[in-house]
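According to this note's numbering, the stretch in the sequence shown is residues 165 to 229, in order. Note that beta-carbon positions come from the ideal geometry of N, C-alpha and C, so glycine has one too. Below is one structure, written out as structure tokens; the observations come after it.
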Amino acid sequence: MSVNRYSRTTTDVLSLRFNQDSTCFICATCDGIRIFNVEPFAQKSFLDVGRATYAEMLYRTNLIA
């Protein structure tokens, strides 16, 4: 029996899109939608909407499609 000390849960990325000025990107996953800032790199928001297959954001606004 082997034990993996570095096991972690995986989240499938279904869509990854940069905004118009490339300062943020939005990531649609099986768990929901995550929004990241590029510089400095940090997660800005997580929307628990369940499985999202595609997401896109308008510039740095809170408009998400």
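Cβ-based neighbour list, Thr175, same chain, cut-off 8 Å, excluding 5 preceding and 5 following = Thr193, Cys194, Asp195
Exposed or buried, Ala216, counting other C-beta atoms within 10 Å across all chains shown (16 or more means buried)?
-> buried
Sorted by chain position, which residues of the same chain lie with C-beta nearer than 6 Å to Asn201's C-beta, five sequence neighbours on each side aside?
-> Cys188, Lys208
Would you mind reading off the limits of the beta strand (DSSP E) that contains Leu211?
-> 206-211
What is the DSSP secondary structure of Met165, reduced to helix, strand or coil?
-> At Met165, the pLDDT of 47 sits below 50, so the modelled position is not reliable; the number obtained from the coordinates is stated separately. In the structure shown, Met165 sits in coil (DSSP, three-state: anything other than H, G, I, E or B).
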